[in-house]
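Reading through the structure tokens given below for one structure.
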Amino acid sequence: MRSISTREKILIVIIGAIIAWLLRRYVLRVGHFSNFGRKCGGENTSVGKRREKVRLVPRKVDVFVQKAQEQGAAATEMADVVRLFPRRFELLGHVVVVKLNPGVTQEEFVCYAKAFAESFSPRVVDVVLLDTEGITGELRLPKLVTLWKKEATLITMPRESLKYALKQFKEPSYILSEDLKQFEAYADSPTFTTHVENGIRYSFDVCKVMFCSGNGTERMHFATIEARDEVVVDMFAGIGYFTLPLAVFGFVKVIHALEKNATSAGFLKYNALQNRVGHLIRTHCGDNREVASELCGQCDRVLMGYIPSCTAFLPRAVSFLKQSSHGDPVGTIHYHFLSDKKTAEETAKQHIRSELGEHVTSLMHIVALRTVKSYAPKIFHHVADIRFEAS
12 MRSISTREKI
22 LIVIIGAIIA
32 WLLRRYVLRV
42 GHFSNFGRKC
52 GGENTSVGKR
62 REKVRLVPRK
72 VDVFVQKAQE
82 QGAAATEMAD
92 VVRLFPRRFE
102 LLGHVVVVKL
112 NPGVTQEEFV
122 CYAKAFAESF
132 SPRVVDVVLL
142 DTEGITGELR
152 LPKLVTLWKK
162 EATLITMPRE
172 SLKYALKQFK
182 EPSYILSEDL
192 KQFEAYADSP
202 TFTTHVENGI
212 RYSFDVCKVM
222 FCSGNGTERM
232 HFATIEARDE
242 VVVDMFAGIG
252 YFTLPLAVFG
262 FVKVIHALEK
272 NATSAGFLKY
282 NALQNRVGHL
292 IRTHCGDNRE
302 VASELCGQCD
312 RVLMGYIPSC
322 TAFLPRAVSF
332 LKQSSHGDPV
342 GTIHYHFLSD
352 KKTAEETAKQ
362 HIRSELGEHV
372 TSLMHIVALR
382 TVKSYAPKIF
392 HHVADIRFEA
402 S
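Count along the sequence shown starting at 1, add 11, and that's the number in our numbering.
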């Protein structure tokens, strides 16, 4: 019989370790092996003993009910308390934004907002906000109401975030001394938070700008793009949703981040600083059709991350791209748009054709098409990676 080589032994050990890790994760999540313990002799089997030892982390709703009882809710009210537990919420650093369940009023829930914050333990939640109208207007501004917050002296996360960010400053950088002074004012707001995603730190005031968790897969995608030595322009940069992962992981030469909302532009500079890419991100505050015209014909890649529609901005996006000797655009555009799933690619082509004409359309190829999230019934948020090549 052939002896097992050292390499094969190592491989067997690795596979065994992976299986053990997956098995442990399953047990910790489920708490038991279905009915396996009973089938093998009841609760006295080793699996039964394991079941006794392993306990799930308490569900948030159970902790919510417990905290509500501690705050004086009567046992007869428990069914109503469970009804109040929000099924939709967004946890952003030390701030949680909730949407009330159908039939639940603000007056009913506000008494239990503190209990809801404590249901995230051991995670610390200092502020509970109510989303009243969603994201509105051209600048995508949130409409939120504060339901509960700790005393200002007990909310330490904004100051800790500022302390960390300022430590990252070094020259050369597009971050200026006056920007640093503005950053210090951010820490005075209890709703200034830091949300960490895929190793990227996003800091912003939850009451002033939006953060869409549903776009997480697309932000993750930009962490995988290699744009080595490219000049990039982000036409709707916001606080750096797509700019930051591309700057941190993409080996870019520079990203010109265009943002109309001055508040978001300030947070973008802060985020560039704390993610140590202040030397790679240059922020331009203003309408992208009016600012940074000096970039026309200079860029390799253009980001168009705005919905519900940025179709009218396609001519400006193409103008940023480098040109061939014949004056044709050369480069990549990441175009966000809404469509049903079946006609997404054709919809993107139609948008290009209607805004740029047949000649430019003949130069482009959709090299990738991604569905980001559901936007409305049967309508989805898509991204088309459009490559323009010289004829």
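Glycine included, every Cβ here is placed at the ideal spot set by N, Cα and C.
Looking at the structure shown, is residue i part of a helix, part of a strand, or coil, going by DSSP?
{"i": "His43", "result": "Caution applies to His43, whose pLDDT of 41 falls short of 50 and renders its modelled position unreliable; the model cannot decide the point."}
{"i": "Glu162", "result": "coil"}
{"i": "Gly145", "result": "strand"}
{"i": "Ala79", "result": "helix"}
{"i": "Ala276", "result": "helix"}
{"i": "Asp190", "result": "helix"}
{"i": "Lys219", "result": "coil"}
{"i": "Thr204", "result": "strand"}
{"i": "His105", "result": "coil"}
{"i": "Asp199", "result": "coil"}
{"i": "Ser224", "result": "helix"}
{"i": "Pro340", "result": "strand"}
{"i": "Ile390", "result": "strand"}
{"i": "Asp298", "result": "coil"}
{"i": "Gly52", "result": "Reliability fails at Gly52, whose pLDDT of 43 lies under 50, so the model's placement of it is uncertain and no value is given."}
{"i": "Met315", "result": "strand"}
{"i": "Ser132", "result": "coil"}
{"i": "Ala401", "result": "coil"}
{"i": "Phe96", "result": "coil"}
{"i": "Ser373", "result": "helix"}
{"i": "Ser57", "result": "Model confidence at Ser57 stands at a pLDDT of 48, short of 50, so the residue's coordinates are unreliable and nothing is read from them."}
{"i": "Leu150", "result": "coil"}
{"i": "Leu173", "result": "helix"}
{"i": "Lys125", "result": "helix"}
{"i": "Glu237", "result": "coil"}
Distance check for residue j and residue i, CA to CA, integer angstroms please.
{"i": "Gly342", "j": "Ile318", "result": "22 Å"}
{"i": "Thr322", "j": "Tyr386", "result": "17 Å"}
{"i": "Leu95", "j": "Val378", "result": "46 Å"}
{"i": "Phe391", "j": "Pro340", "result": "28 Å"}
{"i": "Glu237", "j": "Asn209", "result": "16 Å"}
{"i": "Leu150", "j": "Gly297", "result": "12 Å"}
{"i": "Gly225", "j": "Lys110", "result": "15 Å"}
{"i": "Val92", "j": "Leu325", "result": "50 Å"}
{"i": "Gly249", "j": "Asn272", "result": "8 Å"}
{"i": "Asp199", "j": "Pro153", "result": "19 Å"}
{"i": "Pro201", "j": "Ile166", "result": "7 Å"}
{"i": "Val106", "j": "Ala176", "result": "19 Å"}
{"i": "Val220", "j": "Tyr213", "result": "12 Å"}
{"i": "Val302", "j": "Glu119", "result": "48 Å"}
{"i": "Phe194", "j": "Ala90", "result": "45 Å"}
{"i": "Lys161", "j": "Ser130", "result": "15 Å"}
{"i": "Ala359", "j": "Thr382", "result": "13 Å"}
{"i": "Phe180", "j": "Cys218", "result": "26 Å"}
{"i": "Lys353", "j": "Val74", "result": "43 Å"}
{"i": "Lys280", "j": "Glu189", "result": "11 Å"}
{"i": "Ser365", "j": "Gly114", "result": "45 Å"}
{"i": "Arg398", "j": "Gln334", "result": "13 Å"}
{"i": "Asn55", "j": "Ala31", "result": "Unreliable placement is indicated for Asn55, whose pLDDT of 47 sits below 50; no coordinate value is reported for it."}
{"i": "Arg170", "j": "Leu284", "result": "15 Å"}
Mind checking whether residue i and residue j have CB atoms under 8 Å apart?
{"i": "Met168", "j": "Thr116", "result": "no"}
{"i": "Leu255", "j": "Asn299", "result": "no"}
{"i": "Ser402", "j": "Leu374", "result": "yes"}
{"i": "Cys310", "j": "Val244", "result": "yes"}
{"i": "Gly308", "j": "Ile186", "result": "no"}
{"i": "Lys78", "j": "Ala124", "result": "no"}
{"i": "Phe233", "j": "Phe253", "result": "yes"}
{"i": "Thr143", "j": "Leu155", "result": "yes"}
{"i": "His267", "j": "Leu103", "result": "no"}
{"i": "Lys264", "j": "Glu229", "result": "no"}
{"i": "Trp159", "j": "Val135", "result": "no"}
{"i": "Val259", "j": "Asn286", "result": "yes"}
By DSSP's criteria, residue i is part of a beta bridge. Which residues make up the other side?
{"i": "Cys310", "result": "Leu332"}
{"i": "Asp396", "result": "His345, Ala379"}
{"i": "Val138", "result": "Val106, Lys160"}
{"i": "Ile266", "result": "Val243, Ile292"}
{"i": "Tyr213", "result": "His206"}
{"i": "Ser184", "result": "Answer by DSSP bridge pairing: none, since Ser184 is not bridged."}
{"i": "Ser425", "result": "Nothing can be reported for residue 425: it is not among the residues displayed for the chain, which extend from 12 to 402."}
{"i": "Pro69", "result": "BP columns for Pro69 are empty, so no partner."}
{"i": "Lys360", "result": "Bridge partners of Lys360: none, in fact."}
{"i": "Ser385", "result": "Phe391"}
{"i": "Leu155", "result": "Asp142"}
For the ligand GDP, I want to know if residue i counts as a neighbour, meaning its beta carbon is within less than 7 Å of at least one of the ligand's heavy atoms.
{"i": "Thr164", "result": "This structure lacks the ligand GDP, and indeed carries no ligand of any kind."}
Across the segment 288-296 and the segment 321-332, are there enough close Cβ pairs to call them in contact, namely three or more that are closer than 8 Å?
no
Under 8 Å, with one C-beta from each stretch per pair, do the segment 344-357 and the segment 304-316 reach the 3-pair mark?
yes
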